[in-house]
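Chemist:
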Amino acid sequence: MSTDAPNLQHVSIVRTKPLMTMPQILVMNFGFFGIQYSFGMQQTAVNPVYEFLGANPHDLPILNLAGPITGLLIQPLIGALSDRTWSPRWGRRKPFFLIGAIGCSICLFLFPFVTAVWMAVLLLWLLDASNNTAMEPYRAFIADKLPPSQLGKGFLAQSFFTGLGITLANLSLFVFQKLIQGSTDAGIPYWVVGSFMLGAVCSIGSVLISVLRTPEIPPSPEELEAMRNQKGGFGPAIAEIGEAIRDMPVELRKLALVYFFQWYGLVIYWQFIALTIAQNMFPQTDQGKEEAVAWTGLVNGWYNIVTFCVAFGLVAFARKRGAKLVHCACLLLAAVGLAIVPFLTNQYLIFIPMVGFGIAWASIMGVPYIMAVRMVPSTRLGVYMGIINMMIVIPMLIQSVTFGWIYTHLLGDNPGNAILFSAAFLAIAALLMLWLKESRAVRDVDDVGAMPMGGH
Amino acid sequence: MTANVIVTVEREFDAPRERVFRAWTQPEELAQWRGSPGWHVETDTVSGELALGGRHHHVKVRDADPSTRVGTDGVYTEYFEPDVFVSSEKITGDPGIDPNVPLELRVEFTRMGRDNTLVRIIQGPYEADVASWHGTAWEAELTRLADYLATTNREAGR
């Protein structure tokens, strides 16, 4: 072992970890499907529920404050807590995503039975808190289980189930609207109730399958000792974040500016697309409003299908040809698409411009990360991913508190104008991408094959 | 048999990260300590371009039988001094390693306390029956690194 004095710190710890097969990786990530179904419902169904309950459109941004706030506070807190947790029976990460999934299921189950806006707001906060409780330890679980060389596959599987969950949530709204009649006393259609119920089952069901089929790796006695001695809590976490922000590469700072316009614009889309479709493509009746919500589910499902189809190819293309120009072009496609949407009156034509949005969504989910991981050392990726998460939720937070005023005073309470505003912000984000300098691509393992084998 | 096991070895050193990172990567330094006991690195085979995409090479020779040689040819697929480097490598001359299948060596350098460094080596994939042997070999090699760092510290202090 060691020739040093018998000091635990100076003893080598040796572990072996088997590589996982693709089916094992897929089962491990399956829980993401349910969690993302829940996010899909939040994106498409929650705002119409507010509307069914009589909320004003200009209040939508502030009613959605739960998302950015819980994302900003709960994810890092739960992440830090799970780092220091180990139970021989329940594991390290599983208790958190199990509790999160149970919370999601209960909130999704209760959501359609709300009778007032304040109840919907309260449930959204609880739903968002549950989603974030499940999400952060789930990502850490994948990092625990997979060696660094397989992490790419792990996160790819995660993206796959993210797309599948959100797409099915959206499509369920459209399909159930065709199949289920009637509404609750508060005016929420039963087909919306059906989608929420399916979400409640998917959320806990898929997480249970992952939990029961994927064992956690128990820590060694030395690791347990280190875990107990670890200085945790908010103080060290905030100090680490502060240090990482101070050391942040200039290009990542520029990316933060791109993210500001990109995420501010995206949130506007999610909040106002249902209203735009209802205003321009359906009769101004209760029935028309319901059909517009279902159609929005189909439109959102459609762009997620486009995302699904192009994501893998797009990420591979960006890796080869450069992420900067690819992401810029994709954002411009979304901007052009959204600039067309408010002028359409035919509900079928909207699927054409939304192709651009779907391509951009694929890029947003993957391409900037290709750039980001090249900018920072992978040993600090955890803290920088947290900072990137802030680069997403802070624009959302700013949107929540500023856009209500902009919508009323500058955009004339017109949802179509909100979508145009969103298009303009995505276009600005696209142009700002050109300001970034991209570091050269990391060479692949295959390059070694071409190397001379010297020394013999 | 399939190579599907990753070996992880960790050890803390009484030296700052910059110092330990240099000992791992600078050709003239790594030649002083790399290799298990009973082996040494042939000094004039060591080369290295210390940057992302840079290539590096060295040959280890058995002390008792100089005809037994193990060559390492690698390329840095990640290089952030003094945080981490990742190298994709082909090893020739080791009967337990397929020379046609690249191995990934990832070495992380984490600051501990005021000026100590936790080194975490992650390497593989190995076949299951040789994985633990390689873990033990790394343990022995890290002891040589500790001795090397201690010696160079003493010399610098004189």
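Order-wise, the sequence lines are chains B and U.
Sequence positions in the first sequence follow this note's numbering and run 155 to 610.
Sequence positions in the second sequence follow this note's numbering and run 683 to 840.
Where is the CB? At the ideal position from N, CA and C, for every residue including glycine.
Given the structure is predicted, the values throughout are model-derived calculations rather than measurements.
1) Is the Cβ-Cβ distance between Q196 of chain B and L280 of chain B less than 8 Å?
2) Please decide whether G608 of chain B counts as near chain U, where near means a Cβ-Cβ distance under 8 Å.
3) Could you give the uninterrupted runs of the alpha helix (DSSP H) lying entirely in the segment 455–518 of chain B, keeping only those of 4 residues or more?
4) If you run the structure through DSSP and keep just helix, strand and coil, what is D747 of chain U?
5) Thinking just about the alpha-carbon of each residue, which of U:D726, U:F767 and U:V766 is nearest to the one in G753 of chain U?
6) I189 of chain B and C258 of chain B - do their beta-carbons sit closer together than 8 Å?
7) Between D811 of chain U and chain C, is there a C-beta pair that is closer than 8 Å?
8) Taking C-beta pairs closer than 8 Å, name the residues in chain U that L173 of chain B reaches, listed in chain order.
9) From what residue to what residue does the beta strand (DSSP E) around A641 of chain U run?
10) Taking the beta strand (DSSP E) that Q805 of chain U belongs to, which residues open and close that run?
11) Quick check on this structure: which residue in U:D829, U:P748 and U:R836 has the alpha carbon closest to the alpha carbon of E694 of chain U?
12) How about P202 of chain B and V421 of chain B: are their beta carbons less than 8 Å apart?
13) Would you tell me roughly how many angstroms separate the C-alpha atoms of V412 of chain B and L586 of chain B, rounded to the nearest one?
14) How is the beta strand (DSSP E) around K171 of chain B delimited, first residue to last?
15) Would you call the CB atoms of R473 of chain B and I542 of chain B closer than 8 Å?
16) Identify the contact partners of E786 of chain U in chain B, using a Cβ-Cβ distance below 9 Å as the criterion.
17) Is V203 of chain B helix, strand or coil by DSSP?
18) How far does the beta strand (DSSP E) with M329 of chain B in it reach, from first residue to last?
19) Closest to P375 of chain B by CA distance: which of B:T368, B:N383 and B:P369 is it?
20) Return helix, strand or coil for D829 of chain U, following the three-state DSSP convention.
21) Should W515 of chain B go down as buried or exposed, given a rule of 16 or more other Cβ atoms within 10 Å for buried?
22) Answer with buried or exposed for F497 of chain B, where buried requires no fewer than 16 other C-beta atoms within 10 angstroms of its C-beta.
23) Could you check where the beta strand (DSSP E) with W721 of chain U kicks off and where it finishes?
24) Between I179 of chain B and chain U, is the shortest Cβ-Cβ distance under 8 Å, so that the two count as touching?
25) Give the DSSP-derived three-state secondary structure of N210 of chain B in the structure shown.
26) Exposed or buried, what is T684 of chain U when buried is set at 16 or more other beta-carbons lying within 10 Å of its beta-carbon?
27) Along chain B, which residues have their Cβ under 7 Å away from the Cβ of T833 of chain U?
28) Buried or exposed: where does V347 of chain B fall if 16 or more other Cβ atoms within 10 Å of its Cβ makes it buried?
29) Quick check on T198 of chain B: buried or exposed, where buried means 16 or more other Cβ atoms within 10 Å of its Cβ?
30) Quickly, what does DSSP pair H739 of chain U with across the bridge? List them, please.
31) Using the beta-carbon of each residue, which ones in chain B are nearer than 7 Å to V723 of chain U?
32) In whole angstroms, give me the CA-to-CA distance for M607 of chain B and D755 of chain U.
33) Any idea what DSSP makes of M794 of chain U, helix, strand or coil?
34) Roughly how many whole angstroms lie between the Cα atoms of L734 of chain U and T450 of chain B?
35) To the nearest angstrom, report how far apart G558 of chain B and D213 of chain B are at their CA atoms.
36) DSSP has I363 of chain B in a bridge; who is on the other side?
Modeler: Taking the definition as stated:
1) Cβ atoms of Q196 of chain B and L280 of chain B: not closer than 8 Å.
2) Only weak support is given to the placement of G608 of chain B: the predicted model assigns it a pLDDT of 29, under 50, and the value that follows is read from those uncertain coordinates. Chain U contact via Cβ: present.
3) For the segment 455–518 of chain B, whole alpha helix (DSSP H) runs of length 4 or above, ordered along the chain, are 477–494.
4) Here D747 of chain U carries a strand assignment [DSSP, helix/strand/coil].
5) The residue from U:D726, U:F767 and U:V766 with its alpha-carbon nearest to that of G753 of chain U is U:D726.
6) Yes. Within cutoff.
7) This model lacks chain C altogether, as its protein chains are B and U.
8) What L173 of chain B touches in chain U, judged by beta-carbon distance under 8 Å, is N686, V687, I688, G806 and P807, going in chain order.
9) Chain U is shown only over 683 to 840; residue 641 of chain U falls outside these bounds and no answer can be derived.
10) It spans N798 to E809 - the beta strand (DSSP E) in which Q805 of chain U sits, taken as one unbroken run.
11) Measuring from the Cα of E694 of chain U, the nearest candidate turns out to be U:D829.
12) Not a contact, by the Cβ cut-off of 8 Å.
13) Their backbone Cα atoms lie some 6 Å apart in a straight line.
14) In the DSSP annotation of this structure, the continuous segment of the beta strand (DSSP E) that includes K171 of chain B starts and ends at I167 to P172.
15) No, the pair does not count as a contact, with Cβ atoms beyond the cut-off.
16) Taking a Cβ-Cβ cut-off of 9 Å, the neighbours of E786 of chain U in chain B comprise P301, P302, S303 and V599, given in sequence order.
17) It is helical.
18) Looking at the sequence provided, one finds Val at residue 329 of chain B rather than Met. Segment L305 to L333 is the alpha helix (DSSP H) holding V329 of chain B; no beta strand (DSSP E) there.
19) Measuring from the Cα of P375 of chain B, the nearest candidate turns out to be B:N383.
20) When secondary structure is reduced to three states using DSSP, D829 of chain U falls in the helix class.
21) Burial call: buried.
22) For F497 of chain B, the number of other beta carbons within 10 angstroms of its own is below 16, and it is reported as exposed.
23) Element bounds for W721 of chain U: W721 to V723.
24) Not an interface residue.
25) DSSP places N210 of chain B in coil when its eight states are reduced to three.
26) Classification for T684 of chain U: exposed.
27) Correct list: empty, because the minimum Cβ distance to chain B is about 12 Å.
28) V347 of chain B should be labelled buried.
29) The residue in question, T198 of chain B, is buried, as its Cβ has 16 or more Cβ neighbours within 10 Å.
30) In the DSSP output, where bridge partners are listed per residue, H739 of chain U has U:S729 and U:D755.
31) Per Cβ cutoff of 7 Å: no residues; V723 of chain U is ~11 Å from chain B at best.
32) Note that M607 of chain B scores 31 on pLDDT, short of 50, meaning its location in the model is unreliable; the coordinates nonetheless yield the value given after this. The straight-line gap from Cα to Cα measures roughly 7 Å.
33) Three-state DSSP puts M794 of chain U in a strand.
34) Distance from the CA atom of L734 of chain U to the CA atom of T450 of chain B, rounded to whole angstroms, is 46 Å.
35) Cα-Cα distance, rounded: 6 Å.
36) Beta-bridge analysis with DSSP links I363 of chain B to no other residue.
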